[in-house]
Amino acid sequence: MRLFEYVENTLALVGRPFVSAYYAINGLGKFCLFNAHLLPILFKKPIRIKEIFYEIERIGINSSAIIILTAIFIGLVQAIQIYQGFHKFGMESMMGYTIFYALGKELAPVVAALMVTSRAVSSMAAELGTMRVTEQIDAIDTLAVDSRKYLVIPKIIAATVALPILTAVFNIVANVSSFAISVVALDINPTSYLNTIRQYAEFSNYMTGLVKAGVFGFLISSIGTYCGYHASGGARGVGQATTIAVVAASVTILVADYFLASLFIILGY
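Just so we're aligned, residue 162 is where the sequence shown starts under our numbering, counting upward by one.
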């Protein structure tokens, strides 16, 4: 009996990664099909402008406070940490461009997307999940209204539009806070700080971050709506869908950031 249990546990241990991989690939396929089915109805009338602007307010404007707060402290930490390294080599004057570059290309879009994920994507998944398990989505479909057109597409469009705007705000606030603490607390010459930005910064340093933010907005909103739209199992299922949405969206941001950064390097940006 013990030998049988030992063999069973060993096989389970060996087979678990393959089963997990199967479910992951299966889930990815369903997610891609879900988004593919949205394309034909994306520009199909009616275009629900009111719902799109409502979602932009929820995702964008209502997230601005946490974005600004996060940007202030990211900017402060960036300045302090970079100063510690540059001070050893007497290169404090190069802090301005280094901070501008790091924020514009990487930190601003990634951190802003993570903040929106924690605040808005979790809300999307929970809202749609609750509507699914209480059969509200089924009721909408019964009334001959496409629930995906009414509930899903406005959220995806709103996140894709709002996240680049939030990233731009994040960039401005973080750079201003970095400049302020560098001049006031770290005794950096303000003219040399700004001159390095004027001399070395390029418009592409800023635009690539905004492009990343748009891609992140589309991906995280697609994940949030997909998980919520297909939730099942009552209140516990809604909680699981929300957790999966936040974790999957956060990991997707980091993975997509790597591939986008590599693509921009290949393209010369």
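C-beta atoms are modelled at their ideal positions from N, C-alpha and C, and glycine is treated no differently. Being a predicted model, the structure only gives us computed values, none of them experimental.
**Asked** Going by C-alpha distance, which of M256, G221, A273 and F340 is nearest Y361?
**Response** Closest by alpha carbon: M256.
**Prompt:** Are A392 and L289 touching if we call contact CB-CB under 9 Å?
**Reply:** Contact flag set, yes.
**Request:** Return the chain-ordered list of same chain residues with a C-beta closer than 6 Å to the C-beta of A402, the five sequence neighbours on each side being excluded.
**Result:** Correct list, in chain order: A286, G290, C388, G389 and A392.
**First through last residue of the alpha helix (DSSP H) which encompasses R293** = For R293, the uninterrupted alpha helix (DSSP H) segment begins and ends at S283 to V294.
**Request:** Rounded to whole angstroms, what's the CA-CA distance from Y354 to V337? Just pull it up for me.
**Result:** Answer to the nearest angstrom: the Cα atoms are 12 Å apart.
**Prompt:** Which residues bound the alpha helix (DSSP H) around R359?
**Reply:** R359 -> alpha helix (DSSP H) spans P351 to Y361.
**Prompt:** Mind checking whether I381 and A320 have CB atoms under 9 Å apart?
**Reply:** Using a Cβ distance threshold of 9 Å, I381 and A320 count as a contacting pair.
**Message:** Please tell me whether F234 and N366 are closer than 9 Å, where the distance is taken between their beta carbons.
**Reply:** Against a cut-off of 9 Å, the Cβ pair of N366 and F234 comes out as no contact.
**Prompt:** Excluding sequence positions up to five away, which residues of its chain have a Cβ less than 6 Å from the Cβ of I358?
**Reply:** The residues G257, Y258 and F261, in chain order, have a CB closer than 6 Å to that of I358 in the same chain once the five nearest residues on each side in sequence are set aside.
**Request:** Jot down the residue ranges of each uninterrupted alpha helix (DSSP H) in the segment 317-403, minimum 4 residues, whole runs only, in chain order.
**Result:** With a minimum length of 4 residues, the continuous alpha helix (DSSP H) runs that stay inside the segment 317-403 are 351-361 and 364-390.
**Message:** With H, G and I counted as helix, E and B as strand and the rest as coil, what does DSSP make of L200?
**Reply:** DSSP places L200 in helix when its eight states are reduced to three.
**Prompt:** Can you check whether the CB of S224 is closer than 9 Å to the CB of L327?
**Reply:** For L327 and S224, yes; Cβs fall inside 9 Å.
**Anticipated Cβ contact below 8 Å, A263 with A374, distance rounded** = About 15 Å separates the CB atoms of A263 and A374; that is not less than 8 Å, and the two are not in contact.
**Asked** Does the Cβ-Cβ distance between S339 and Q239 come in under 9 Å?
**Response** A contact, by the Cβ cut-off of 9 Å.
**Item:** Runs of alpha helix (DSSP H) lying entirely within the segment 207-240, each at least 4 residues, in chain order
**Value:** If only complete runs of 4 or more residues are kept, the segment 207-240 shows the alpha helix (DSSP H) at 210-220, in order along the chain.
**Beta carbon of E253 nearer than 9 Å to that of I342** = No; because the gap between Cβ atoms is not below 9 Å, this pair is not in contact.
**Item:** Y258: first and last residue of the uninterrupted alpha helix (DSSP H) it sits in
**Value:** Start and end: M256 to A263.
**Request:** Give the single residue among V399, G429, A417 and L421 whose Cα lies nearest to the Cα of S283.
**Result:** The option with the nearest alpha carbon to S283 is V399.
**Asked** Closest to M368 by CA distance: which of L421, V407, I405 and P351 is it?
**Response** Minimum Cα distance to M368 is reached at L421.
**Request:** Below 7 Å CB to CB, which residues in the same chain sit around S383 once its five sequence neighbours on both sides are set aside?
**Result:** Excluding sequence neighbours, S383 sits near N196 and I317.
**Asked** According to DSSP, is D299 helix, strand or coil?
**Response** In the structure shown, D299 sits in a helix (DSSP, three-state: H, G or I).
**Asked** Considering A274, what are the terminal residues of the alpha helix (DSSP H) in which it resides?
**Response** Where A274 is concerned, the enclosing alpha helix (DSSP H) stretches over A269 to V277.
**Message:** Nearest by alpha-carbon distance to L415: which of P351, L275, Q242 and E218 is it?
**Reply:** The shortest Cα separation from L415 among P351, L275, Q242 and E218 belongs to L275.
**Message:** For a quick check, are the C-beta atoms of G378 and P325 less than 9 Å apart?
**Reply:** In this structure, P325 lies closer than 9 Å to G378 by Cβ.
**Item:** Among P351, I426 and L230, nearest to I333 - alpha-carbon criterion
**Value:** The shortest Cα separation from I333 among P351, I426 and L230 belongs to L230.
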